[in-house]
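**Q**
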Ligand SMILES: Cc1cc2nc3c(=O)[nH]c(=O)nc-3n(C[C@H](O)[C@H](O)[C@H](O)COP(=O)(O)OP(=O)(O)OC[C@H]3O[C@@H](n4cnc5c(N)ncnc54)[C@H](O)[C@@H]3O)c2cc1C
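Numbering (our numbering), first residue to last: 6 to 547.
1. In angstroms with no decimal places, state the Cα-to-Cα distance between residue 529 and residue 396.
2. Going straight from the alpha carbon of residue 366 to that of residue 329, what length do you get?
3. Can you check whether the C-beta of residue 323 is within less than 8 Å of a C-beta belonging to chain B?
4. Please tell me whether residue 26 and residue 95 are closer than 8 Å, where the distance is taken between their beta carbons.
5. How far does the beta strand (DSSP E) with residue 404 in it extend, from its first residue to its last?
6. With a CB to CB cut of under 6 Å and the five nearest residues on each side skipped, what residues in its chain are close to residue 355?
7. Please classify residue 1: does DSSP put it in a helix, a strand, or coil?
8. Tell me the residue span of the beta strand (DSSP E) that contains residue 260.
9. Please identify the residue among 106, 418, 206 and 394 whose C-alpha is closest to the C-alpha of residue 19.
10. Near residue 320, which residues of its chain fall below 8 Å by C-beta distance, leaving aside the five closest residues on each side in sequence?
11. Just mark residue 203 as buried or exposed, buried being the case when its beta carbon has 16 or more other beta carbons within 10 Å.
12. Quick one: is the Cβ of residue 51 within less than 7 Å of any heavy atom of ligand 2?
13. In whole angstroms, give me the CA-to-CA distance for residue 34 and residue 48.
14. The beta strand (DSSP E) with residue 108 in it runs from where to where?
15. With a CB to CB cut of under 8 Å and the five nearest residues on each side skipped, what residues in its chain are close to residue 408?
16. Can you tell me where the beta strand (DSSP E) holding residue 228 begins and where it ends?
17. Select from 323, 213 and 389 the residue whose C-alpha is nearest the C-alpha of residue 263.
18. Name the DSSP beta bridge partners of residue 455, please?
19. Assign residue 421 to buried or exposed, taking buried as 16 or more other Cβ atoms, counted over all protein chains shown, within 10 Å of its Cβ.
20. Between the stretch 488-504 and the stretch 517-527, do at least 3 Cβ pairs fall closer than 8 Å?
21. Leaving out five residues before and five after residue 13 in sequence, what residues of the same chain have Cβ atoms less than 6 Å from its Cβ?
22. Output yes or no for whether 8 Å exceeds the beta carbon distance between residue 58 and residue 340.
23. Per DSSP, residue 167 forms a beta bridge with which residues?
24. So, residue 312 versus residue 291, is the Cβ gap smaller than 8 Å?
25. I think residue 248 touches residue 342, with their Cβ atoms under 8 Å apart; what is that distance to the nearest whole Å?
26. Looking at residue 167: is its Cβ nearer than 8 Å to the Cβ of residue 67?
27. Hey, could you find the ends of the alpha helix (DSSP H) residue 375 is sitting in?
28. Could you check if residue 393 is buried or exposed, using at least 16 other CB atoms within 10 Å of its CB as the buried criterion?
29. Give the single residue among 143, 386, 287 and 148 whose Cα lies nearest to the Cα of residue 23.
30. Whose C-alpha, out of 514, 511 and 488, is nearest the C-alpha of residue 285?
31. By the three-class DSSP mapping on this structure, what secondary structure does residue 113 have?
32. Would residue 483 pass as a contact of residue 490 if the rule is Cβ separation under 8 Å?
33. Pick from 171, 287, 109 and 288: whose alpha carbon is nearest that of residue 272?
34. Quick check on residue 435: does DSSP put it in helix, strand or coil?
35. What are the boundary residues of the beta strand (DSSP E) that includes residue 38?
36. Measuring CB to CB, does residue 252 end up less than 8 Å from residue 535?
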C-alpha cells in the first residue's frame, strides 16, 4: 500500500466534522483552527498546498499603507493586529522589514501626505507598532539607498512592516493541523458536492495524479478556494451569481538591485510598487489587472513585465533592468469581493457566506488576515452545528510546535557537531521538525552535503520534504518546501541529485521522476513565457 493509498483510505474511512476545500492559507488556517478545537477535519487541494495564490504574494504581512487612502481604517487596524499575532506565533517566518518610501517632486503623494499616512499607520498599530516611522531628507535617503534617482528627490518616509515566507506559513498551518489529527491531501480536486435531501454532506474528490475518485463525507463543508470560490459555489447552487472579481498580480525576481526594501510610487497610474530583498535577489511587484485566462494558467505577460521594469529603471536608474535580467516571474489572482471602481481601490475585506445547502464560503481577504478569517469561519461552523468545542487558540500557540523533554535530550545530542548558523536556519524554517533532518544526517553523514553551490539546501532537506512535509512532486519541493527554484541555477544544477535522493529514499520510480522533472521544467518555462521565443531558451535546453 502506497502513502497515497493510505491517504485515500483515511479520507474514505469516516464522516468528518469538517471538510475544507482548498489548501491555500485560508483553508490551511481553518484546518489548524478546527483541529485545535478538537474537531475532526479533512482538507483537500487540487494542487499542492499554497500553490494557488498563497505562494504568489508580495511576501508581506502588513497593514497595507495604501488602504488608508481608501478609508479602510478597520482593515488596516485588523491587519496590524494580526501582524503582531503572527510575529508572536511564527517569529522566524514573519519578521520585521524596514521600508523606504521615496518622495519625488510632482508625485501624487507629496511628503506631507506620506508623513500623515505613516503617522496614521503608527497610530492604528497602537501598542503593536514595530518602530515609529520617520521622515528623512533626500540626502539621508540617498545614503540609505545610493541607487535612488537623485533628480527631484524631496524626502523619504522610513517605516517598518513584516516580510514572510508565504508557502512555508501555509505549510506550517497544514502540518500542525495534521499533527492534531487532520487528514490533509494535496492533488485532490473536488468534482462535485454530495447532498442529502436538505444539506451538503461531503464531496466527490478526484485524485489528480491517478484519476481515482472517492467520496469524502462530512457534517460541514467549507469552501476556502480563494479566487476559485465562485466555481465551488456553483457546484452547490447551479447558476448562483458570482461574488468575486479576482484581479491578476505579477512579480519579477531579478538580481539584487537595491540595498533597502523600497515602496515606490508608480508614475502612470499612481500605484505603489515594492522592490524587496528576497535572498540574493530582489522581488519586484505588483500589478493589478483583470483576469483574462483560466486561473490555473496565469502567467506574466510582456506588458506587465515592461511596466514593472520601467518603474524600477525610473526609480533606480543604475539598475538598467532588461528583460534578460528577469530570472523568474510568478502570477496570482487576488480573491477580491466583487467591486465597482478600479482594481486598486477594491476592498481586501472578507465575507462569510452560507448558501441554502449549508456550504460555507470564505470570500475575499488577504494573507495577513487569514488567521482571523479562519477563526470566524470555525466560530460560525461551531454555532451552526451546535458543537461543543474548545475556544480558539491559534493566536496563542506557536505555529512551529513546542518541543517536549524526550526530543530535547535527543536534540542536544544531535546538535553537538552542527554549525550553529545552519541550525538557526533550520529552526526558523522547520521548528522542532529539524530534529528529523538531524537524525537523517546522523544516520548518513553524506546527506549533509549541499546539493549545488547556488543555494544553502542539503540532501537531507529534500528527503525531509518528501517524507515529513507532504511534498508529492519535485516542483513542490523546489518551489515551495524550499526556495531552490529561486536560486541562480533555478534548481537545474541540483536536479539529478534531487531525483537520485527521491528514488533512493522515497522509492519514487524512474518513470514517475522523469514525468516530474518535465513538469518542473514546464513550471520554470511558464515564469519566462513573457519572453517571446523563451521556449528555446537555455533553460529548456538543459
Ligand atoms: C500578486 C499578489 C500579491 C499579494 N500580496 C499579498 C501580501 O503581500 N500580503 C497579503 O496579506 N496578501 C497578499 N495578497 C493576497 C493573498 O495572497 C490572498 O488573499 C491569499 O493568498 C488567498 O488565500 P486563499 O487560501 O483564499 O486562496 P488560495 O491560496 O488561492 O487557495 C485556494 C486553493 O483552493 C484550491 N482549489 C480551487 N478549486 C479547488 C477544487 N475544486 N478542489 C480542491 N481544491 C481547489 C486551489 O488549488 C488553491 O490552492 C496578494 C495577492 C496577489 C495575487
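Just so it is clear, CB atoms sit at the ideal spot from N, CA and C, and this is done for glycine as well.
**A** Let's see:
1. Within the chain shown, residue 529 is the residue found at index 524, counting from 1. Within the chain shown, residue 396 is the residue found at index 391, counting from 1. Approximately 43 Å, taken between the alpha carbons.
2. As a first step, residue 366 is located in the chain shown; it is residue number 361 there, counting from the start. As a first step, residue 329 is located in the chain shown; it is residue number 324 there, counting from the start. Taking the straight line joining both Cα atoms gives about 42 Å.
3. Among the protein chains of the structure shown there is no chain B, as only one such chain exists.
4. Sequence index remark: in the chain shown, residue 26 carries index 21 (1-based). Sequence index remark: in the chain shown, residue 95 carries index 90 (1-based). No, the pair does not count as a contact, with Cβ atoms beyond the cut-off.
5. Position 399 of the chain shown, counted from the start, is the residue given in the question as residue 404. Here residue 404 belongs to no beta strand (DSSP E), and DSSP marks it neither H nor E.
6. Counted from its first residue, the chain shown places residue 355 at position 350. Around residue 355: 369, 370 and 378.
7. Beyond the ends of the chain as shown, which are 6 and 547, falls residue 1; an answer cannot be given.
8. In the chain shown, counting from the first residue as 1, residue 260 sits at position 255. Unbroken beta strand (DSSP E) run through residue 260: 252-260.
9. Locating residue 19 in the chain shown gives position 14, counting from the first residue. Considering only alpha carbons, the answer is 206.
10. Taking the chain shown and counting its residues from 1, the one referred to as residue 320 is at position 315. Same-chain partners within the cutoff: 107, 153, 154, 267, 269 and 280.
11. Within the chain shown, numbered from 1, the residue matching residue 203 stands at position 198. Classification for residue 203: exposed.
12. Ligand 2 is not part of this structure, which contains only ligand 1.
13. Taking the chain shown and counting its residues from 1, the one referred to as residue 34 is at position 29. Taking the chain shown and counting its residues from 1, the one referred to as residue 48 is at position 43. Their Cα atoms are separated by approximately 11 Å.
14. As a working mapping, residue 108 is identified with position 103 in the chain shown. 99-109 is the extent of the beta strand (DSSP E) around residue 108.
15. Position 403 of the chain shown, counted from the start, is the residue given in the question as residue 408. Caution is warranted here: a pLDDT of 48 is assigned to residue 408, below 50, making its placement in the model unreliable, and the coordinate value is therefore given only provisionally. Contacts found: 416 and 437.
16. Against the chain shown, residue 228 aligns to sequence position 223. Per DSSP, residue 228 belongs to the beta strand (DSSP E) from 218-228.
17. If you number the chain shown from 1, residue 263 lands on position 258. If we check each option's Cα against that of residue 263, 323 comes out closest.
18. As a position in the chain shown, residue 455 is number 450, starting the count at 1. The partner list for residue 455 (beta bridge, DSSP) reads 463.
19. Counting from one through the chain shown, the residue named residue 421 turns up at place 416. Label assigned to residue 421: exposed.
20. yes
21. As a working mapping, residue 13 is identified with position 8 in the chain shown. 219, listed in sequence order.
22. Counted from its first residue, the chain shown places residue 58 at position 53. Counted from its first residue, the chain shown places residue 340 at position 335. Yes, these two residues count as a Cβ contact at 8 Å.
23. Against the chain shown, residue 167 aligns to sequence position 162. Bridge partners of residue 167: 66 and 101.
24. Reading the chain shown from its first residue, position 307 is the one you call residue 312. Reading the chain shown from its first residue, position 286 is the one you call residue 291. No, these two residues do not count as a Cβ contact at 8 Å.
25. As a working note, residue 248 is residue 243 in the chain shown. As a working note, residue 342 is residue 337 in the chain shown. Going by Cβ atoms, the distance from residue 248 to residue 342 rounds to 6 Å, so yes, they are a contact pair.
26. Counting from one through the chain shown, the residue named residue 167 turns up at place 162. Counting from one through the chain shown, the residue named residue 67 turns up at place 62. Result yes, Cβ atoms of residue 167 and residue 67 sit closer than 8 Å.
27. Looking up residue 375 in the chain shown gives position 370. Where residue 375 is concerned, the enclosing alpha helix (DSSP H) stretches over 375-390.
28. Walking along the chain shown from the start, residue 393 turns up at place 388. Exposed: under 16 other Cβ atoms inside 10 Å.
29. Along the chain shown, one-based indexing puts residue 23 at 18. Among 143, 386, 287 and 148, the Cα nearest to that of residue 23 is on 386.
30. Here residue 285 corresponds to residue number 280 of the chain shown, with the count starting at 1. The shortest Cα separation from residue 285 among 514, 511 and 488 belongs to 488.
31. The residue you call residue 113 lines up with position 108 of the chain shown. If DSSP states are grouped into helix, strand and coil, residue 113 belongs with coil.
32. Within the chain shown, numbered from 1, the residue matching residue 483 stands at position 478. Within the chain shown, numbered from 1, the residue matching residue 490 stands at position 485. Yes. Within cutoff.
33. The residue given as residue 272 occupies position 267 in the chain shown. With distances taken between Cα atoms, residue 272 lies closest to 109.
34. Position 430 of the chain shown, counted from the first residue, corresponds to residue 435. Here residue 435 sits in helix by DSSP.
35. Counting from 1 along the chain shown, the entry for residue 38 is found at position 33. Here residue 38 belongs to no beta strand (DSSP E); instead the alpha helix (DSSP H) covers 30-41.
36. Here residue 252 is taken as the residue at index 247 of the chain shown, counted from 1. Here residue 535 is taken as the residue at index 530 of the chain shown, counted from 1. For residue 252 and residue 535, no; Cβs fall outside 8 Å.
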